[in-house]
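Quick note on my numbering: the sequence shown kicks off at 8 and runs consecutively.
Cβ coordinates follow ideal geometry from the N, Cα and C atoms, glycine included.
Since the structure comes first, as structure tokens, the remarks are kept for the end.
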Amino acid sequence: MSRMIPVVFDGHYERQYPAHAIGVGLSTSRDALVKHADDMADSVAWKELEAERAKWARMLPALADALLPWLLDQGSDIQSNLFAFCVAATVDGIDGSDRAHAVNSLADVLNVDLSYYWKPTRASYFDHVSKSRIADVLREHVSPQAAAEVQRMKKDAAAAAAEVRMAGSGWLPEVLANRTVPEFRSYAWEDDDTDGDADDEARNAGDDPDDMSGETGDATGDDEGLAEAA
Numbered sequence: 008m009s010r011m012i013p014v015v016f017d018g019h020y021e022r023q024y025p026a027h028a029i030g031v032g033l034s035t036s037r038d039a040l041v042k043h044a045d046d047m048a049d050s051v052a053w054k055e056l057e058a059e060r061a062k063w064a065r066m067l068p069a070l071a072d073a074l075l076p077w078l079l080d081q082g083s084d085i086q087s088n089l090f091a092f093c094v095a096a097t098v099d100g101i102d103g104s105d106r107a108h109a110v111n112s113l114a115d116v117l118n119v120d121l122s123y124y125w126k127p128t129r130a131s132y133f134d135h136v137s138k139s140r141i142a143d144v145l146r147e148h149v150s151p152q153a154a155a156e157v158q159r160m161k162k163d164a165a166a167a168a169a170e171v172r173m174a175g176s177g178w179l180p181e182v183l184a185n186r187t188v189p190e191f192r193s194y195a196w197e198d199d200d201t202d203g204d205a206d207d208e209a210r211n212a213g214d215d216p217d218d219m220s221g222e223t224g225d226a227t228g229d230d231e232g233l234a235e236a237a
């Protein structure tokens, strides 16, 4: 954890680069989230995470070199909870394409209700899509009349009207509602020299793989007798 903390709390340990003997690598998505979502500061999840971050930052020593001794002095409760926060900070659900994402497996296991953390507002959605898309959402989740009304509005007014109409609906766009996880794939190397391995095993057993006489012949005869009996 002494290796994780300076990465997760990079602002707290800005421009400190302590030597380390633990080969653990990790990254966080905090900066990327802020970059990709201009409404992040108003997010319920963001506020909860930042409050938790501030709480831990007040407890951490100022110098990264003091982290390991400090951690060793802490009780298991602080250690386990701080570790959980650091692990949570590495979760990355950002993807530039519309496809199944591995983060969905976590959401499913933890039974995360994304409608609690995300609301359909102008800043979070309607300002970023076309007026026809706004109309489609309202037609499906409010009424055809609501869709017809926004079609006659300018884009800004349509986005504002959609935010009001969809408030408290619990609606999620497909990218959040689709909890499909990527197909699991496994790969294994195949040994092309299987005959060579069989020869090696035969030699190790004291048999010559090229000698088909002797007991091998008797076994063949037995097989023929079994075939006739069958």
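Taking 7 Å as the cut-off, decide whether the C-beta atoms of residue i and residue j are in contact.
i, j, result
"Thr-128", "Glu-181", "no"
"Ala-36", "Ile-85", "The residue you asked about is not Ala; residue 36 is Ser in the sequence shown. In this structure, Ile-85 does not lie closer than 7 Å to Ser-36 by Cβ."
"Val-157", "Ala-165", "yes"
"Trp-63", "Leu-89", "yes"
"Leu-121", "Leu-183", "yes"
"Met-8", "Leu-79", "no"
"Ala-107", "Thr-187", "yes"
"Ile-172", "Val-149", "First, the residue type needs correcting, since residue 172 is Arg and not Ile in the sequence shown. Yes, the pair counts as a contact, with Cβ atoms nearer than the cut-off."
Could you tell me the alpha carbon to alpha carbon distance between residue i and residue j, rounded to whole angstroms?
i, j, result
"Asp-45", "Tyr-132", "11 Å"
"His-19", "Val-98", "20 Å"
"Val-51", "Trp-125", "8 Å"
"Asn-111", "Ala-71", "34 Å"
"Pro-13", "Leu-74", "9 Å"
"Glu-190", "Asp-105", "15 Å"
"Leu-160", "Val-119", "In the sequence on display, residue 160 carries Met and not Leu. For Met-160 and Val-119, the distance between alpha carbons rounds to 36 Å."
"Pro-216", "Val-116", "Because the pLDDT of Pro-216 is 48, which lies under 50, any placement of that residue in the model is unreliable, and the number read from its coordinates should be weighed accordingly. So the two alpha carbons sit approximately 54 Å from each other."
"His-43", "Tyr-194", "34 Å"
Quick one, which of the options has its alpha-carbon nearest residue i's?
i, options, result
"Leu-56", "His-148, Phe-92 and Gly-103", "Phe-92"
"Met-11", "Ala-58, Leu-79, Val-116 and Ala-96", "Ala-96"
"Val-31", "Pro-151, Val-94 and Leu-67", "Val-94"
"Ser-176", "Gly-82, Tyr-123 and Phe-16", "Tyr-123"
Once the 5 residues before and after residue i are set aside, which same chain residues still bring their CB inside 7 Å of it?
i, result
"Met-47", "Leu-40, Val-41 and Trp-53"
"Asn-185", "none"
CB-CB under 8 Å to residue i, same chain, minus the five flanking residues each way: which ones, in chain order?
i, result
"Arg-140", "none"
"Asp-143", "Ala-154"
"Asp-49", "Ala-130"
Please work out which residues of its chain come closer than 6 Å, Cβ to Cβ, to residue i, disregarding the five sequence neighbours upstream and downstream, and give them in chain order.
i, result
"Lys-138", "Lys-162 and Ala-165"
**Asked** Can you list, in chain order, the stretches of the alpha helix (DSSP H) that have 4 or more residues and sit fully within the stretch 65-108?
**Response** 74-79 and 83-95
**Request:** At 4 residues or longer, and completely inside the stretch 143-206: list those alpha helix (DSSP H) runs for me, N to C.
**Result:** 151-158, 162-173 and 181-184
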